Structures are given as C-alpha cells and as structure tokens.
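When we follow the numbering used here, the leftmost residue of the sequence shown carries the number 153, and every step to the right adds one. Just so you know, even glycine gets a beta-carbon here, dropped at the ideal spot from N, CA and C. This structure is a prediction, so every number in the text was calculated from the model and none was measured. Reviewing the structure listed below.
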Amino acid sequence: MAPVVYSVGHSNLAAEDFFALLAPIGVRALVDVRAFPGSRRHAHFGREALAAASPAHGIVYHWMPALGGRRGEATTPSPHVAWEVPAFRNYADYADTAEFTAALAALEESARTVPTAFMCAEALWWRCHRRLIADRLLVAGWDVQHIGAGARLTPHRLPDFARVADGRLVYDRGATPALALRPRRERQ
C-alpha cells in the first residue's frame, strides 16, 4: 500500500472551516507551498497567523518556499511542451531542479512521519501548482489525495499528456516535436 499525502487549498474559508477540513483526515503537519504566504483578503491565512493557529488543532505548520509557485521561464527550451499554460510549464521546468527535489524530499519526510497536507490558496487543485507537486509525488510512489469541500478526498491521477521517461516525468504527449525543439519566444 502506497504512503498517503494530502493536498488542500484554503480558498476563502474561515480559519475554523479550513481546520475542519483537516480534522477528520487526521492531518498533523501542514506544509505551505505558497511562494508568498500571505493574503490581503484573508489575513488568517498569512504565514504568521497559520503558524500561530495550527497548534490549537494539533498541527505543525511549515512554510516551504522552495515548493512555491510563480516560477520564471527557463533559459533553455522546455521539454514540458504539452503544458499550454506558461505558469505550469515554468513550474514543471523548475521541478526538474535540485532545489525542488530537495524540498520535495523534505515534504516526503514529513508525510512519512505524520499525516501531512501541502497547501496553497487555490481550492481547485487542477488550477494550482499543487497538481505538479502531486504529479511528482505520484511518480515517486505516493497516494496523493486532494481534500475538497466537506473533507471529500479525490485521488490524484497524472494528466494524459504526462509520461515517465528514464525515471523522469515529462509533459510532452500530443505536442508537436518541432515546437519542442525551439524556445517559446521563437514560437510566437
């Protein structure tokens, strides 16, 4: 049986409603994968506020900026040409780096120790960089479960355009090979 790790987005929930999603699952560690862990509209989801509120719910809070989204474009042509959304392609390129790999290993270590959820702001996991983190974890043998409304769990699946080649996750199925060889700037 594969080890389990959870994914969750705080959206516009009240703090108590957010922690109520985690309670029935038994989450004991919350790993914040936001690049900028703050919220103007929902101050209770700021890094300091979450770190202060989590212990009352039996949860340890960690911020892992190395897993944060909003990554810039790679300087070399991307092998992840099936991603049409540049932000996802940029993150997929970043996920090939040693910095990302080390941070992902730290997330995995937490999840091996205690029930762990990695979180971002977006409630819909398929619209968030958490989906790419989940892809990497799935390929590494994890059972990734996305926590939704009412603490409903949705198992993660790789997108159809992803494949594993020589142990490496690549998003290129269905892409035009000629485009894959040219930097994005030249394709426009």
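Secondary structure of H209 (DSSP, three-state): helix. The three-state reading of DSSP puts P176 in helix, counting H, G and I together. Per DSSP, reduced to three states, the secondary structure at P229 is coil, with no helix or strand assignment. DSSP lists V157 as the beta-bridge partner residues of V296. Distance from the Cα of A273 is smallest, within the candidate group R222, P231, L310, for R222. Taking a C-beta distance under 8 angstroms as the contact criterion, F313 and L284 do not qualify as a contact pair. According to the DSSP assignment, V322 belongs to the beta strand (DSSP E) that extends over 320–323. Contact check for V296 against H232 fails: the beta carbons are separated by 8 angstroms or more.
A residue is called buried once 16 or more other Cβ atoms fall within 10 Å of its Cβ, and R186 is buried on that count. Pairing L256 with R304, the inter-Cα distance amounts to about 24 angstroms.
When Cβ pairs closer than 8 angstroms are counted between the two stretches, the region 261–270 is seen to touch the region 156–164, the count reaching three or more.
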